[in-house]
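Below you'll find the structure, written out as structure tokens, and then a few comments.
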Amino acid sequence: MTNLKGKWALITGASRGLGKLSAQFMAAKGCNLILHSRNKSHCESLAKELEATGIKVHCVQAELNNLDEVKKMLADIDALGVNVEVVLNNAGLQIAYRTEYLTTPAEDYEVSFNVNTIAPMMICYHFLPKMIKNGFGRIVNTTSGIDREPQQAGYSASKAALDKVTRDLGTTVEGTDVMINLADPGWCRTDLGGSSAPNAPESAIPGVILGAFADDKKSGRIFHAQDYAGMTLEDALKKAGC
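Here our numbering is used: the first residue of the sequence shown is 167, the next is one more, and so on.
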């Protein structure tokens with residue numbers, strides 16, 4: 167298992183839901199954290215909570231549908247002068263459920279791709295070169311298992327695109343200590359998943375962060391978090407074969 171104590175991790179969508187749970191888990195493992203949300207103020211209370219455990223925390227902000235804000239956020243992170251070695255692209259947006267799916271507006275695709283595909287890949291492209299230069303890095307992109315539901319076309323298509331570019335990018339670092347993988351939380355009762363979802367948010371831990379701790383130099387996989395619900399990190403990694 168990779169020891170991440172003292173390393174810096176960026177977590178997008180960290181103010182609530184799976185992002186917040188991931189931040190708390192990573193802090194317990196000694197990671198220093200950069201917490202992203204739409205507004206810094208959304209992460210301030212979490213930052214104070216996690217700083218009390220002895221780690222260092224910074225908060226950054228960006229509306230991921232605004233790519234200029236994403237670029238500014240990345241510049242703000244660079245200005246912190248820390249070495250980001252772990253990225254958890256957790257933030258995502260399910261823009262709408264279109265019962266009349268044949269009237270799905272183009273905006274569903276535009277916004278979904280900005281938030282769920284383009285923004286996370288901009289983040290990957292920003293940090294990956296330094297990871298490669300330093301010989302270490304972990305990136306986990308959060309995907310979705312939604313399939314054959316035209317009512318959620320913008321969301322599912324954007325996540326399918328994220329899967330594709332993540333797997334493609336993974337081939338460039340395969341066999342090295344820079345690893346980029348995917349995590350599918352399953353349908354959880356978060357703000358995105360809604361109250362009817364069958365799984366508690368906590369069930370996605372540790373599955374959604376396995377890629378950060380994996381140590382087998384493999385990239386391009388999808389870790390299905392519900393396969394590891396209720397397990398320790400060590401047992402989950404053993405089950406995953408990494």
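Here a beta-carbon is modelled for each residue, glycine too, at the ideal position from N, C-alpha and C.
Could you work out which residue in 347, 320 and 329 is closest to residue 276 when comparing CA atoms only? Taking the first residue of the sequence shown as 1, we reach residue 276 at position 110. Comparing Cα positions, the closest option is 320.
Give every residue of the same chain whose Cβ lies closer than 6 Å to the Cβ of residue 281, excluding the five residues on either side of it in the sequence, and list them in chain order. In the sequence shown, residue 281 corresponds to position 115, counting from 1. If we look at residue 281 and ignore the five residues flanking it on each side, its Cβ neighbours are 230, 231 and 259.
If you run the structure through DSSP and keep just helix, strand and coil, what is residue 397? Looking up residue 397 in the sequence shown gives position 231. Looking at residue 397 - three-state DSSP - the assignment turns out to be coil, as it is neither helix nor strand.
For the segment 176-193 and the segment 359-371, state whether three or more C-beta atom pairs, one from each stretch, are separated by less than 8 Å. yes
Residue 194, buried or exposed, once every other Cβ within 10 Å from all chains shown has been counted against 16: The residue labelled residue 194 in the question sits at position 28 within the sequence shown. Residue 194 comes out exposed.
What are the residues that DSSP puts in a beta bridge with residue 379? For this step, residue 379 is matched to residue 213 along the sequence shown. The partner list for residue 379 (beta bridge, DSSP) is empty, contrary to what the question assumes.
Just verifying my parser: in three-state terms, what is the DSSP assignment at residue 239? In the sequence shown, counting from the first residue as 1, residue 239 sits at position 73. In the structure shown, residue 239 sits in a helix (DSSP, three-state: H, G or I).
Hey, which unbroken runs of the beta strand (DSSP E) at 3 residues or more fall wholly within the segment 234-295? 250-255
For residue 307 and residue 347, I'd like the C-alpha separation in whole angstroms. For the purposes of this step, residue 307 is taken as residue 141 along the sequence shown, with counting starting at 1. For the purposes of this step, residue 347 is taken as residue 181 along the sequence shown, with counting starting at 1. Rounded to whole angstroms, residue 307 to residue 347 spans 6 Å at the Cα level.
When we look at the beta-carbon of residue 400 and count the other beta-carbons within 10 Å, is it buried (16 or more) or exposed? Taking the first residue of the sequence shown as 1, we reach residue 400 at position 234. So residue 400 ends up on the exposed side.
If I follow the unbroken alpha helix (DSSP H) through residue 212, where does it start and stop? Along the sequence shown, one-based indexing puts residue 212 at 46. Note, residue 212: alpha helix (DSSP H), 210-217.
Could you check whether residue 235 and residue 304 sit closer than 8 Å to each other, using their CB atoms as the reference points? Here residue 304 refers to the residue found at position 138 when the sequence shown is read from its first residue. Here residue 235 refers to the residue found at position 69 when the sequence shown is read from its first residue. Cβ distance not < 8 Å, so residue 304 and residue 235 don't count as in contact.
The beta strand (DSSP E) that contains residue 389, what's its start and end? On the sequence shown, position 223 is the one that residue 389 refers to. 388-390 is the span of the beta strand (DSSP E), which, as asked, contains residue 389.
Work out the CA separation of residue 299 and residue 397 for me, nearest whole Å. Numbered from 1 along the sequence shown, position 231 holds the residue referred to as residue 397. Numbered from 1 along the sequence shown, position 133 holds the residue referred to as residue 299. Whole-angstrom Cα-Cα distance: 34 Å.
Considering only residues of the same chain and omitting the five flanking positions on each side of residue 382, which have a CB-CB separation below 6 Å? Translated into the one-based positions of the sequence shown, residue 382 becomes position 216. Excluding sequence neighbours, residue 382 sits near 408.
Among the candidates 197, 224 and 198, whose CA atom is the shortest distance from the CA of residue 208? As a first step, residue 208 must be located in the sequence shown, where it is residue number 42. Residue 224 is the option with its Cα nearest to residue 208.
Using 8 Å as the threshold, is the C-beta distance between residue 241 and residue 202 below it? The residue labelled residue 241 in the question sits at position 75 within the sequence shown. The residue labelled residue 202 in the question sits at position 36 within the sequence shown. Going by C-beta atoms, residue 241 is not nearer than 8 Å to residue 202.
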